[in-house]
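My numbering puts the first residue of the sequence shown at 446, with every later residue one more than the last.
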Amino acid sequence: MFITVENLKKSYNTGKNKSEVLKGISITLEKGQTGVILGPSGSGKSTLMNIIGGVDRADSGSIYVDGLELTVLDDDKLTDYRRDSVGFIFQFYNLVPNLTITENIEVVSNISKAPLNIDTVLRAVGLEGKKRSFPRELSGGEQQRVAIARAIVKNPKLLLCDEPTGALDYETSRGVLSLLQKVNRDFGTSILMITHNTAIGNMANVVYKLRSGEIVETIRHEEAFPAERIEW
Ligand code: ADP
Ligand code: MG
């Protein structure tokens with residue numbers, strides 16, 4: 446199994462109150478597959494993604510990613526994992542406004558050692574002509590494509606996408622989802638995507654429904670739908 450999460454728990458201390466945000470999550474994802482965590486706002490999706498991405502730590506439970514047990518790693522090793530193995534995509538692209546598209550991709554640490562080069566990834570996302578543009582000169586969909594290029598230049602094993610289409614209109618969303626499927630197919634990248642959009646679950650091999658910090662349903666698809674055919 447590529448990802449195995451077992452009985453993961455996480456609470457936040459907010460003043461006197463301790464609220465349990467993840468109440469014993471168990472999920473798996475096979476290598477090269479696409480998984481979706483589907484849940485309403487506040488259900489704990491981003492918290493779960495941050496822990497799987499090595500940005501945050503759980504209180505208890507275990508996580509294995511490609512054989513590596515994250516929950517026992519020290520901080521330096523966890524940083525290595527995050528830097529070398531995980532690409533992140535966010536709702537609001539998180540591009541640096543005063544840097545060109547090329548420079549936004551170069552901000553990835555160790556770019557000189559990155560397995561893919563900038564031209565390759567810009568071609569993969571269809572933005573070869575925008576190398577010297579600035580983010581403000583691009584549409585939302587194009588900016589998300591740059592964010593995808595930046596995430597895949599290090600050829601990560603795992604792509605974590607937190608509401609990747611949350612700020613985009615319907616047609617643009619389909620384009621971005623279809624690009625993520627292409628990345629999955631062409632580079633073999635496993636993808637874990639979180640969303641509140643039910644329809645997006647159709648393009649996943651497995652969908653976990655999250656409600657108030659618990660997985661309430663698991664749906665496995667024989668075949669993941671191409672994004673172009675998803676209606677919502
Ligand atoms: P989702 O991504 O599904 O909207 P989150 O994982 O962001 O959910 O948040 C789940 C719950 O945890 C929410 O109630 C949120 O307010 C709370 N929460 C998230 N991050 C923190 C934090 N750093 N400190 C305290 N509470 C937090
Ligand atoms: Mg969130």
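Just so it is clear, CB atoms sit at the ideal spot from N, CA and C, and this is done for glycine as well.
Closest by C-alpha distance to Lys476, out of Ile664, Pro601 and Val661, is Pro601. Counting along the chain, the unbroken beta strand (DSSP E) around Asn462 starts and ends at Asn462 to Leu474.
DSSP lists Met638 and Val652 as the bridge partner or partners of Val481.
Bounds of the alpha helix (DSSP H) holding Gly585 are Gly585 to Ile597. Pairwise C-beta distances place the stretch 581-600 in contact with the stretch 547-567, as three or more of them are shorter than 8 Å. Shown here for Thr449: same chain residues with a beta carbon closer than 6 Å to its own, the five before and five after excluded, namely Thr473 and Tyr509 in chain order. Asn462 sits exposed, since fewer than 16 C-beta atoms from the chains shown fall within 10 Å of its C-beta. Between the alpha carbons of Ser488 and Arg595 lies a distance of about 28 Å. Under a 10 Å Cβ-count criterion, Gly658 is classified as buried, with 16 or more other Cβ atoms of the shown protein chains found around its own Cβ.
Remark: the shortest separation between the CB of Asp607 and any heavy atom of ligand 2 falls under 7 Å. Runs of the beta strand (DSSP E) lying entirely within the stretch 489-534 and spanning at least 3 residues, in chain order: 505-510. For Lys461, the shortest C-beta to heavy atom distance toward ligand 2 is 7 Å or greater. Just so you know, the alpha carbons of Thr524 and Ala569 end up roughly 27 Å apart. Considering only Ile675, Asn647, Ile660 and Arg656, the residue with the shortest C-alpha distance to Glu667 is Asn647. At a cut-off of 7 Å, the beta-carbon of Ser491 counts as near ligand 2: some heavy atom of the ligand is closer than that.
The shortest C-alpha to C-alpha distance from Arg528 to any of Leu604, Ala644 and Phe447 is the one to Leu604.
Taking every protein chain shown into account, the CB of Met638 has 16 or more other CB atoms within 10 angstroms, so this residue is buried.
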